[in-house]
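Chains as they are written, first to last, in the working numbering: chain P, 47 to 159; chain V, 47 to 159.
Each residue gets a CB set at the ideal place from its N, CA and C atoms; glycine is no exception.
Have a look at the structure below before the remarks.
Number of protein chains: 2
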Amino acid sequence: MKETKLGEFEEVLLLLVGILGEEAYSFKVAEEFESQTKREVSIGAVHSTLNRLEEKGFLESEMGQATAERGGRRKRIYTITASGQRALETSRDFRVSLWSQFPAFATGKVNFG
Amino acid sequence: MKETKLGEFEEVLLLLVGILGEEAYSFKVAEEFESQTKREVSIGAVHSTLNRLEEKGFLESEMGQATAERGGRRKRIYTITASGQRALETSRDFRVSLWSQFPAFATGKVNFG
DNA sequence: AGTATTTCCTACTAAAAAGTAGAACAAATA
DNA sequence: TATTTGTTCTACTTTTTAGTAGGAAATACT
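Have a look at this one:
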């Protein structure tokens, strides 16, 4: 298996999929991205990135059922794979380790509960 | 000012400069990168990335004095600018915030002291 | 049936990040 | 003075990531 890395945008989208759970379909992910970052993003960019993440084996997807809402095509729901989760953990552990070594950051812990 | 983002590799190098302090010159940064990641890196890649970070205003540098050691050209010592530090903080805060929302990660805190 | 709505999807392009190759420099030792 | 060592530096190429444009599908409402 190729040494697959995660770009910044990719990592954020992956995490958003994890956060959104059942609601992780591309439109929603794009909305969530904008609301959490205040950065604009085009739906196409999200789409192609989610595709890439799926190719890399970090995400899986399947079509959801049509909902009872007004109009609309069926949603493609994404879920994180074991490999995706591992990639996120590795990335987190590595960052936390670096932060702890950087004097300007090294308060010893980060609380985020 | 342009909306300057930080790539994955760039962010790691920036942090390594912070960690290395007085010892933050490109050769050392490359060494440190390899020892902390177990990933190989070419000195040229480090060099061009440090350059880019300097152009973006996240790093500053100046030539150090010649040391009493065997041989060698003078070192260019890098330091993080205020803007670089802010970028790191922003990135950290954002990540911590996302992790806390991701059920699989949300233990509430990360200890790294 | 026709229209509006919600979402997907693909092929393409642009921009940015990462990596390569190899020369050049400065100082210490032999 | 020649050699070795530690290091910088620049121009270039490749790869990866991000973004664009615009069409198409599926569903519900009228």
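For A150/V, the C-beta contacts it makes with chain P under 7 Å involve G64 and Q131, in order along the chain. Shown here, L99/P sits in a helix according to DSSP, grouped into three states.
At the C-beta level, V92/P and S72/P come within 8 Å of one another. The way I'd put it, the stretch 121–129 of chain V doesn't touch the stretch 76–87 of chain V; fewer than three beta-carbon pairs between them come closer than 8 Å. Going by DSSP, L61/V is part of no beta strand (DSSP E) but of the alpha helix (DSSP H) stretching over E54 to L66. When V87/V, L105/V and Q82/V are compared, the shortest CA-CA separation from A133/V is found for L105/V. Here the alpha carbon of T50/V sits roughly 18 Å from the alpha carbon of E57/P. R138/P reaches chain V at R141, W145, F151 and V156, counting residues in chain order whose Cβ is nearer than 8 Å. Taken atom to atom, the span from the alpha-carbon of E69/V to that of A150/P is near 16 Å.
Among the bridge pairs identified by DSSP, R122/P is matched with M109/P. Taking the Cα positions, Q82/V is about 13 Å away from F148/P. The Cβ atoms of S137/P and L52/P sit closer than 8 Å to each other. The beta carbon of L61/V sits closer than 8 Å to some beta carbon of chain P. Sequence-distant partners of L62/V (beyond 5 residues in either direction) whose C-beta falls short of 7 Å from its own C-beta, in its chain, are V75, E78 and F79. Annotation: E69/V is outside any alpha helix (DSSP H) and is labelled neither H nor E by DSSP. Between K102/P and A128/V, the alpha-carbon positions lie close to 36 Å from each other. Taking a C-beta distance under 8 Å as the contact criterion, R98/V and G110/V do not qualify as a contact pair. With respect to T95/P, F55/P sits close: the two C-beta atoms are nearer than 8 Å.
For L52/V, a Cβ of chain P is located within less than 8 Å of the residue's own Cβ. Here G130/P is buried, its C-beta having at least 16 other C-beta atoms within 10 Å.
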